[in-house]
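*Asks:*
Protein chains: 2
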Amino acid sequence: METDKTVETASEQVVNPWEVSAKDGGKIDYDKLIDQFGCQRLDQSLIDRVQRLTSRQPHVFLRRGVFFAHRDFNEVLDAYERGDKFYLYTGRGPSSEALHLGHLIPFMFTKYLQEAFKVPLVIQLTDDEKCMWKNLSVEESQRLARENAKDIIACGFDVTKTFIFSDFDYVGGAFYKNMVKVAKCVTLNKAMGIFGFSGEDHIGKLSFPPVQAVPSFPSSFPHLFPGKDKLRCLIPCAIDQDPYFRMTRDVAPRLGYSKPALIESSFFPALQGENGKMSASDPNSAIYVTDTAKDIKNKINRYAFSGGQDSIEKHREIGANLEVDIPVKYLSFFLEDDTELEHIKKEYGEGRMLTGEVKKRLTEVLTEMVERHRMARAAVTDEMVDAFMAVRPLPSMFE
Amino acid sequence: METDKTVETASEQVVNPWEVSAKDGGKIDYDKLIDQFGCQRLDQSLIDRVQRLTSRQPHVFLRRGVFFAHRDFNEVLDAYERGDKFYLYTGRGPSSEALHLGHLIPFMFTKYLQEAFKVPLVIQLTDDEKCMWKNLSVEESQRLARENAKDIIACGFDVTKTFIFSDFDYVGGAFYKNMVKVAKCVTLNKAMGIFGFSGEDHIGKLSFPPVQAVPSFPSSFPHLFPGKDKLRCLIPCAIDQDPYFRMTRDVAPRLGYSKPALIESSFFPALQGENGKMSASDPNSAIYVTDTAKDIKNKINRYAFSGGQDSIEKHREIGANLEVDIPVKYLSFFLEDDTELEHIKKEYGEGRMLTGEVKKRLTEVLTEMVERHRMARAAVTDEMVDAFMAVRPLPSMFE
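Written as structure tokens, this is what we have:
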């Protein structure tokens, strides 16, 4: 069976939508992943180009390499430079009520892209996927999708340019026709190879990849982009979603569609250390957007893996190991001030700053961020959710 | 792999939606098929009961054993006797422009059931299936679906009680939710076992069985049967469709739904003889509803396999072999007069009637039937098709 071979070949590190595991429980080797997946590194010249084209400082996640890989992002920028439009597509599988910080990353970044490039955006809530994978009821999946939509909206998207949809609500019509067209192009062997499915998996899993594929094609949204079937798609996502879009890009030319471009992030590490993604099953592995200031402080102090030394003397002497230090890692995601971050890394790395001080600063940064999110979310009304989810034309022209 | 075992076990005769082949190229053994599939024989007491409940003579296809097997048809009649409702569900894969007589059989029978029991009916046009299996474009599949709908409507269905839908148009909403619920309950191994799929098949095929399954559940049609989620479903179909509904019946209780009941027909034989179904790829294997009187006469005279003897002398002496004689077989489907049919069988079987005379009578019967169909179809307007395909409540009460 092709599956077994593929899984065996990739046994050193496995990254797919359901499993992220590094070699021997260590760190994910992102350089190797780029080779393994066949995507491209997002280098400084591309980041400089984004700065030039958008006339603003690139997002922290670009400057600091959180989004580190891409597929054809350069082509999207070429076209943008010529005045050609594109649209953004991202999504979320609504499997839990409360989002953690890792969940926010693609949305924070997508909001930046939408603002910087002034482009329309579709956000897919894969409630059908979660219903099938997590064995949630249809109703519960849809409820979670709507709850998660509020958190997504709280990230600050522009309602005039953003369409949020639930698969259970939206699958049908042109979207379903594209699902069928995609499904025709993917053999069972191929799907098992790409996604690692087995004979014991249910056929719902086999049916799902086309659902996640087709928002890459503007013709799936005839009401959103009427007459804009050539609009190029750019997908910001974590790199574990790459298998879906490898499949999509493989199939697209056979359907006469453009391949979606991708811009892909590394994983946000668990509090306990950088070996994989955070786990919803262990609430102490992550900071949630629902955590109180006290929760945040406790979690950081008790669980955030420190690269500091065992004794103050030793720490003063050799400094912290920044490579494994979670507080520094988290600050590099969320502390916007480059100068302050460099200062902390230098002082901490050379032993003049202690773990407790770094954790204190991180606690401040995250508490403020979570509090801001909480307030923004509290202001999201049901009417706003309805407005984001209303099927209507989106402006595909630049303002 | 479970598939191989299943295929091997069933290697004597294979009957599934894509293949019908008897042992050693002979006749399908329907008794054995009943055992193989685990369905029930439709016996005389059930037929008598239908007569009693509907106060009319049972359809020729019941009286003559064309519909010969069932699943829980007795339960549907029990409920009907108590005053409980049911609805009919049948369908067609629109793979060709012109229907042949074999295609009409389930529709002729379904029309009778609708009239006799005064019940609502849904007719699924699986344009998505044909797009995937026959590699037709979406547009061509939908065009064929609409053309076929005209032939179906020409069979005389009651527009106030009949909803015809194309999957490409209708999949979505509650229908899609039920597809996901069904898909969750069927493992890939199981689907490969039931349907004989292989790793080289595309995932669209694996995704399709839930599409054919869910019209068995009234909750898939919330606009048709509002508040009637308990309405029982009865499916008239050829027995090659049984695998879909074995799967559906297996899954239904796990979803809290009633199992659909089935009433299943044998196959209409090819002109060349009774080993399987007619083939669209050989136009001389079947009489089409578009054939002219001359076509019909020619086809019957040239291709209809005769059970008559080689010489008139021998024929007069030992008579025709009615078991293999196609003209007699066809007459037993379409000659409504029981007395005349018995007369022909007796005279022909005992050598007093010659093949030519039987073929002549068959030509008259089919020419009249095809001519009647042609006229009815010519009267079907686009507005009528729209009316049958409009999503609207159907009366689920008895008149």
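Top line first, the protein sequences correspond to chains A and B.
Under the numbering used here, the first residue of the first sequence carries the number 1, and numbering increases by one thereafter.
Under the numbering used here, the first residue of the second sequence carries the number 400, and numbering increases by one thereafter.
Glycine included, C-beta positions come from ideal geometry on N, C-alpha and C.
(1) Check the DSSP bridge columns for B:C584 and list the partner residues they point to.
(2) DSSP on A:V391, reduced to helix/strand/coil?
(3) So, is the C-beta of B:H469 closer than 7 Å to a C-beta in chain A?
(4) Secondary structure at B:E735, three-state DSSP: helix, strand or coil?
(5) According to DSSP, is A:E99 helix, strand or coil?
(6) For chain A, check one thing: does any of its Cβ atoms lie closer than 7 Å to the Cβ of B:M531?
(7) Where do the N-terminal and C-terminal ends of the beta strand (DSSP E) with B:E418 fall, by residue?
(8) A:C233 and B:V365 - do their beta-carbons sit closer together than 7 Å?
(9) Would you kindly work out how many angstroms separate the C-alpha atoms of A:I263 and A:F68, rounded to a whole number?
(10) Using the Cα positions of B:F508 and B:F460, report the straight-line distance between them to the nearest angstrom.
(11) List in chain order: all unbroken alpha helix (DSSP H) runs of 4+ residues lying wholly within the region 600–676 of chain B.
(12) For B:D781, does the three-state DSSP call read helix, strand or coil?
(13) Indicate whether at least one CB of chain A lies closer than 7 Å to the CB of B:N651.
(14) Apply the 10 Å Cβ neighbour rule to B:K629 and answer buried if 16 or more other Cβ atoms are within range, or exposed otherwise.
(15) Name the chain B residues that come within less than 8 Å of A:T187, Cβ to Cβ?
(16) Between A:G276 and chain B, is the shortest Cβ-Cβ distance under 7 Å, so that the two count as touching?
(17) Could you spell out where the alpha helix (DSSP H) holding B:A544 opens and where it closes?
(18) Which first and last residues belong to the beta strand (DSSP E) in which A:V15 is found?
(19) Taking the alpha-carbon positions, what's the B:E496 to A:P253 distance?
(20) When we look at the beta-carbon of B:K348 and count the other beta-carbons within 10 Å, is it buried (16 or more) or exposed?
(21) Please go through the same chain and pick out, in chain order, the residues whose beta-carbon is closer than 8 Å to the beta-carbon of A:V76, but skip the five residues on each side of it.
(22) Does any C-beta atom of chain B lie closer than 7 Å to the C-beta of A:S220?
(23) Under 7 Å between C-beta atoms, does B:W417 make it to chain A?
(24) For A:R411, tell me which candidate among A:R146, A:M369, A:G319, A:G204 has the shortest Cα-Cα distance.
(25) Return yes when the Cβ of B:S619 is within less than 7 Å of the Cβ of B:F556, no when it is not.
(26) Exposed or buried, A:D84, counting other C-beta atoms within 10 Å across all chains shown (16 or more means buried)?
(27) By how many angstroms is the C-alpha of A:R63 removed from the C-alpha of A:L341?
(28) What is the DSSP secondary structure of A:A293, reduced to helix, strand or coil?
(29) For B:Y486, list the residues DSSP reports as bridge partners.
(30) Going straight from the alpha carbon of B:Q443 to that of A:G173, what length do you get?
(31) Note the first and the last residue of the continuous alpha helix (DSSP H) segment covering B:R448.
(32) Output the boundary residues of the alpha helix (DSSP H) element that contains B:H714.
(33) For a contact defined as C-beta to C-beta under 9 Å, what are the partners of B:L605 on chain A?
(34) Cutting at 6 Å between CB atoms, please list the residues of its own chain near B:M400, excluding the five before and the five after it.
(35) What are the partner residues of A:T162, as DSSP defines its beta bridges?
(36) Give me whichever residues DSSP pairs with B:R491 in a beta bridge.
*Replies:* To lay it out plainly:
(1) The residue you call residue 584 of chain B lines up with position 185 of the second sequence. The partner list for B:C584 (beta bridge, DSSP) is empty, contrary to what the question assumes.
(2) Against the first sequence, residue 391 of chain A aligns to sequence position 391. Correct three-state label for A:V391: coil.
(3) As a working mapping, residue 469 of chain B is identified with position 70 in the second sequence. For B:H469, the answer is no, since every Cβ of chain A falls outside 7 Å of its Cβ.
(4) Taking the first residue of the second sequence as 1, we reach residue 735 of chain B at position 336. B:E735 falls in the coil class under three-state DSSP.
(5) One-based indexing of the first sequence puts residue 99 of chain A at position 99. In the sequence as presented, Glu is not what sits at residue 99 of chain A; that position holds Leu. Residue state, collapsed to three classes: coil.
(6) Indexing the second sequence from 1 puts residue 531 of chain B at position 132. Look at B:M531: its C-beta is under 7 Å from a C-beta on chain A.
(7) For this step, residue 418 of chain B is matched to residue 19 along the second sequence. Run containing B:E418: 418–420, per the beta strand (DSSP E) assignment.
(8) Because chain B here runs from 400 to 798, residue 365 of chain B falls outside it and cannot be looked at.
(9) The residue you call residue 263 of chain A lines up with position 263 of the first sequence. The residue you call residue 68 of chain A lines up with position 68 of the first sequence. Their Cα atoms are separated by approximately 8 Å.
(10) As a working mapping, residue 508 of chain B is identified with position 109 in the second sequence. As a working mapping, residue 460 of chain B is identified with position 61 in the second sequence. Taking the straight line from one Cα to the other gives about 7 Å.
(11) 602–606, 608–612, 641–650
(12) As a working note, residue 781 of chain B is residue 382 in the second sequence. In the structure shown, the three-state DSSP call for B:D781 is helix.
(13) As a working mapping, residue 651 of chain B is identified with position 252 in the second sequence. A small fix is needed here, since residue 651 of chain B is Ala in this sequence, not Asn. For B:A651, the answer is no, since every Cβ of chain A falls outside 7 Å of its Cβ.
(14) Walking along the second sequence from the start, residue 629 of chain B turns up at place 230. Burial call: exposed.
(15) The sequence position of residue 187 of chain A within the first sequence is 187, counting from 1. Simply G598, E599, D600, H601, I602.
(16) The residue you call residue 276 of chain A lines up with position 276 of the first sequence. Confidence is the limiting factor: at A:G276 the pLDDT is only 49, short of 50, which leaves the residue's position unreliable, though a coordinate-based value still follows. By this cut-off, A:G276 is not an interface position.
(17) Stepping through the second sequence from its first residue, residue 544 of chain B is reached at position 145. Unbroken alpha helix (DSSP H) run through B:A544: 537–552.
(18) As a working mapping, residue 15 of chain A is identified with position 15 in the first sequence. Looking at the DSSP string, the run of the beta strand (DSSP E) that includes A:V15 is 14–16.
(19) Taking the first residue of the second sequence as 1, we reach residue 496 of chain B at position 97. Taking the first residue of the first sequence as 1, we reach residue 253 of chain A at position 253. Answer to the nearest angstrom: the Cα atoms are 30 Å apart.
(20) With chain B covering only 400 through 798, there is no way to say anything about residue 348 of chain B.
(21) Translated into positions along the first sequence, residue 76 of chain A becomes position 76. Around A:V76: F86, R232, L234, A261.
(22) As a first step, residue 220 of chain A is located in the first sequence; it is residue number 220 there, counting from the start. Chain B, which has no Cβ nearer than 7 Å to the Cβ of A:S220, makes this no.
(23) As a working note, residue 417 of chain B is residue 18 in the second sequence. False, the Cβ-Cβ gap to chain A never drops below 7 Å.
(24) Residue 411 of chain A lies beyond the range of chain A shown here (1 to 399); nothing can be said about it.
(25) Along the second sequence, read from residue 1 onward, the residue named residue 556 of chain B stands at position 157. Along the second sequence, read from residue 1 onward, the residue named residue 619 of chain B stands at position 220. No, Cβ-Cβ distance for B:F556 and B:S619 is not below 7 Å.
(26) Locating residue 84 of chain A in the first sequence gives position 84, counting from the first residue. The residue in question, A:D84, is exposed, as its Cβ has fewer than 16 Cβ neighbours within 10 Å.
(27) One-based indexing of the first sequence puts residue 341 of chain A at position 341. One-based indexing of the first sequence puts residue 63 of chain A at position 63. Approximately 13 Å, taken between the alpha carbons.
(28) Start at 1 with the first residue of the first sequence, and residue 293 of chain A comes out as number 293. In the three-state reduction of the DSSP assignment, A:A293 falls in the helix class.
(29) The count along the second sequence starts at 1 and reaches residue 486 of chain B at position 87. Its beta-bridge partners are B:C632.
(30) Taking the second sequence and counting its residues from 1, one reaches residue 443 of chain B at position 44. Taking the first sequence and counting its residues from 1, one reaches residue 173 of chain A at position 173. Whole-angstrom Cα-Cα distance: 46 Å.
(31) Counted from its first residue, the second sequence places residue 448 of chain B at position 49. It spans 443–453 - the alpha helix (DSSP H) in which B:R448 sits, taken as one unbroken run.
(32) As a first step, residue 714 of chain B is located in the second sequence; it is residue number 315 there, counting from the start. Its alpha helix (DSSP H) spans residues 711–717.
(33) Walking along the second sequence from the start, residue 605 of chain B turns up at place 206. Within 9 Å Cβ-Cβ: A183, L188, A191, I203, L206, S207.
(34) As a first step, residue 400 of chain B must be located in the second sequence, where it is residue number 1. Here B:M400 scores only 30 on pLDDT, less than 50, and its place in the model should not be relied on; the value that follows carries that caveat. Listed in chain order, the non-local C-beta contacts of B:M400 below 6 Å within the same chain number zero, local neighbours out to five positions each way being set aside.
(35) Taking the first residue of the first sequence as 1, we reach residue 162 of chain A at position 162. According to DSSP, which records beta bridges pairwise, A:T162 is partnered with A:L121.
(36) For the purposes of this step, residue 491 of chain B is taken as residue 92 along the second sequence, with counting starting at 1. Beta-bridge pairing links B:R491 to B:L524.
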